[in-house]
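Here full-length UniProt numbering is used: the first residue of the sequence shown is 1, the next is one more, and so on.
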Amino acid sequence: MDSSHSTKESSGDIPIAMTDSKSSKTSPPPVVAETTKKTKKTSKQPPVSRWKRCLGVVDIILRICAIAAALAAATAMATTSQQLPFFTQFFQFKADYNDLPAFTFFVIANAMAGAYLVLSLPFSFVCIVRPHIIGARLMLLVFDTIAVPLVTAAASAAASIVYLAHNGNSDANWVAICQQFNDFCQRVSGAVVASFITALIFVLLVIVSAVALRRN
Numbered sequence: 001m002d003s004s005h006s007t008k009e010s011s012g013d014i015p016i017a018m019t020d021s022k023s024s025k026t027s028p029p030p031v032v033a034e035t036t037k038k039t040k041k042t043s044k045q046p047p048v049s050r051w052k053r054c055l056g057v058v059d060i061i062l063r064i065c066a067i068a069a070a071l072a073a074a075t076a077m078a079t080t081s082q083q084l085p086f087f088t089q090f091f092q093f094k095a096d097y098n099d100l101p102a103f104t105f106f107v108i109a110n111a112m113a114g115a116y117l118v119l120s121l122p123f124s125f126v127c128i129v130r131p132h133i134i135g136a137r138l139m140l141l142v143f144d145t146i147a148v149p150l151v152t153a154a155a156s157a158a159a160s161i162v163y164l165a166h167n168g169n170s171d172a173n174w175v176a177i178c179q180q181f182n183d184f185c186q187r188v189s190g191a192v193v194a195s196f197i198t199a200l201i202f203v204l205l206v207i208v209s210a211v212a213l214r215r216n
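Laid out in structure tokens, this is it:
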């Protein structure tokens, strides 16, 4: 009898010890707390990267628009030429962009700006894929800042010539030629407007790059 009671007591003590060992093995709750802290920290990062990706999308859209405007300005100016139907034995009345150095500089500057914008598209795409990268964004900011005065100077120089072609200057005895060369003046004026649009887009690109770098 005593032996049976002792065996029952010993057999009853075994599961209690086993439950204690199981409870001791499944005790570490601090790991769960640490993982929840980590998830909270990581959950704060996606909004910043999403914001930078949005800026990258805006950047590449502006660059495509600037490419169209710059190449349109350069092409319109470079193909501008008009010859009047009447001429004499010694004179031929013809207007060409090569006749004025300001128009030649205009074509070169806008062509350079368009070529740079095409080459900058891969770097702008990298800023979308990797929004936290700094080197590509800083390089775009530097070259965009250089392009702003270049395109603005070319557009301003051409605009002054277009103004004289439309209105002339009585003090210098410069006669307005747009009454005779109407098609020439219209194409040149359109090219100047497209160039100013390109300069404005470059200013917006500088602002976008500066905001993206500031949020780093």
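Ideal placement from N, C-alpha and C gives every residue a C-beta, glycine not left out.
Residue 170 sits in coil when the DSSP states are folded into three classes, being neither helix nor strand. In this model, residue 125 and residue 141 are separated by some 15 Å (Cα to Cα). Rounded to whole angstroms, the gap between the alpha carbons of residue 175 and residue 181 is 12 Å. Note on the UniProt domain "Casparian strip membrane protein" (55-200): whole alpha helix (DSSP H) runs with a minimum of 4 residues are 101-129 and 135-167, in chain order.
The C-beta separation of residue 53 from residue 131 comes to about 5 Å, placing the pair in contact by the 8 Å criterion.
One alpha carbon belongs to residue 171, the other to residue 129, and they sit about 59 Å apart. The C-beta distance from residue 110 to residue 195 rounds to 6 Å, short enough to fall under 8 Å. Closest by C-alpha distance to residue 95, out of 62, 179, 147 and 70, is 179. Within the same chain, Cβ atoms closer than 7 Å to the Cβ of residue 137 are found at 127, 209, 212 and 213, the five residues on either side in sequence being excluded. Classified as exposed, residue 160 has fewer than 16 neighbouring CB atoms from the shown chains inside 10 Å of its CB. Burial state of residue 79 is exposed, judged by a 10 Å Cβ sphere holding fewer than 16 other Cβ atoms. When the five nearest sequence neighbours on each side are left out, the beta carbons in the same chain lying within less than 7 Å of the beta carbon of residue 67 are those of 114, 117 and 118, in order along the chain.
Judged by beta-carbon spacing, residue 102 lies beyond the 8 Å limit of residue 191, meaning their Cβ atoms are not closer than that value.
Between residue 188 and residue 162, the C-beta gap is smaller than 8 Å, which places the two residues in contact. Counting other Cβ atoms within 10 Å of its Cβ, residue 183 stays below 16 and is therefore classed as exposed.
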